[in-house]
Amino acid sequence: MNKKFELLFDDTIEVFGRKLFRIKAKINFGSVKVGEIGGYIEKEENLSEHGDAWVCGDARVYGNALVYGNARVYGDAWVYGDAEVYGNARVYGDAGVKSPKDYIVFKNSWSSFRWFTYTKSNKMWKVGCFYGSGQELIEKAYQDSEQSGKCYEAYVNLVLELEKLDD
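Residue numbering for the sequence shown follows my numbering, beginning at 517 and increasing consecutively.
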């Protein structure tokens, strides 16, 4: 199997004493094209060679963290420690994920069947091209349809209740 990415040894940053390398796609996969420049990882083991997982923008993945499956980490997001981001998860913006407890992935089973993600560190939701707070998600969903509004409102309220249990 061809490796899907390479580390760029001349494009590095330092994060808490760790050297992270920008990545570059070596083959086409998913929506990533050969030659596309990605985000930063500490070592090849941070990003799976299998599936369509990708790190892009200025996102950073380091430590024992792993991104695999069809997951995406982008924007200024950080994934580190022993965190695993997988499936169809999207970690975006200024989110920080240190462990699997830092985000929740749901599936829209009532219309589009698309996956959507809640990130605890910044309390933001990512649904398709939407990125915003729970209240913004509810408002946007009700604009789309009554059913979507009610369903997303239920998920937002579920997360609020789950967060109370963590206190």
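All C-beta atoms, glycine included, are put in the ideal place defined by N, C-alpha and C.
Identify, in the order they occur along the chain, each residue of the same chain with its Cβ nearer than 6 Å to the Cβ of residue i, setting aside the five sequence neighbours on each side.
{"i": "residue 568", "result": "545, 546, 586"}
{"i": "residue 604", "result": "586, 631"}
{"i": "residue 611", "result": "593, 635, 637, 638"}
{"i": "residue 564", "result": "584"}
{"i": "residue 528", "result": "535, 537"}
Return helix, strand or coil for residue i, following the three-state DSSP convention.
{"i": "residue 509", "result": "Coverage of the chain is limited to positions 517 through 683, which leaves residue 509 absent and any answer about it impossible."}
Going by other Cβ atoms of all chains shown within 10 Å of its Cβ, with 16 needed for buried, is residue i buried or exposed?
{"i": "residue 538", "result": "buried"}
{"i": "residue 557", "result": "buried"}
{"i": "residue 626", "result": "exposed"}
{"i": "residue 708", "result": "With the chain covering 517 to 683 only, the question about residue 708 has no answer from this structure."}
{"i": "residue 657", "result": "buried"}
{"i": "residue 521", "result": "buried"}
{"i": "residue 664", "result": "buried"}
{"i": "residue 575", "result": "buried"}
{"i": "residue 533", "result": "exposed"}
Excluding sequence positions up to five away, which residues of its chain have a Cβ less than 8 Å from the Cβ of residue i?
{"i": "residue 675", "result": "620, 634, 650"}
{"i": "residue 566", "result": "584"}
Our contact map puts residue i next to residue j with C-beta atoms below 8 Å; I'd like the distance itself, whole angstroms only.
{"i": "residue 640", "j": "residue 609", "result": "6 Å"}
{"i": "residue 596", "j": "residue 578", "result": "5 Å"}
{"i": "residue 599", "j": "residue 623", "result": "In fact, because the Cβ distance is near 20 Å, the residues do not count as touching under 8 Å."}
{"i": "residue 549", "j": "residue 541", "result": "7 Å"}
{"i": "residue 589", "j": "residue 644", "result": "Residue 589 to residue 644, Cβ: 17 Å. No contact."}
{"i": "residue 524", "j": "residue 560", "result": "About 12 Å separates the two Cβ atoms, so there is no contact after all."}
Which same chain residues end up closer than 7 Å to residue i when comparing Cβ atoms and leaving out the 5 residues on each side of it in sequence?
{"i": "residue 646", "result": "653, 656"}
{"i": "residue 562", "result": "577, 578, 581, 582, 583"}
{"i": "residue 648", "result": "640, 641"}
{"i": "residue 668", "result": "653, 654, 657"}
{"i": "residue 671", "result": "622"}
{"i": "residue 678", "result": "none"}
{"i": "residue 666", "result": "none"}
{"i": "residue 616", "result": "599, 600"}
Can residue i be considered in contact with the ligand HEM, in the sense that its beta carbon sits closer than 7 Å to one or more heavy atoms?
{"i": "residue 531", "result": "Looking at this structure, you won't find the ligand HEM or any other ligand, since it has none at all."}
Looking at the C-beta of residue i, does it have a partner C-beta in chain B at a distance below 8 Å?
{"i": "residue 672", "result": "In the displayed structure, chain B is absent; only one protein chain is listed."}
| Inside the segment 599-665 only - beta strand (DSSP E) runs reaching at least 3 residues | Every unbroken stretch of the beta strand (DSSP E) spanning 3 or more residues and falling wholly within the segment 599-665 is given here in chain order: 619-623, 631-635, 640-643, 646-648.
| Start-end ranges of the beta strand (DSSP E) lying completely within the segment 522-578, minimum 3 residues | Qualifying beta strand (DSSP E) stretches, in chain order: 534-541, 553-557.
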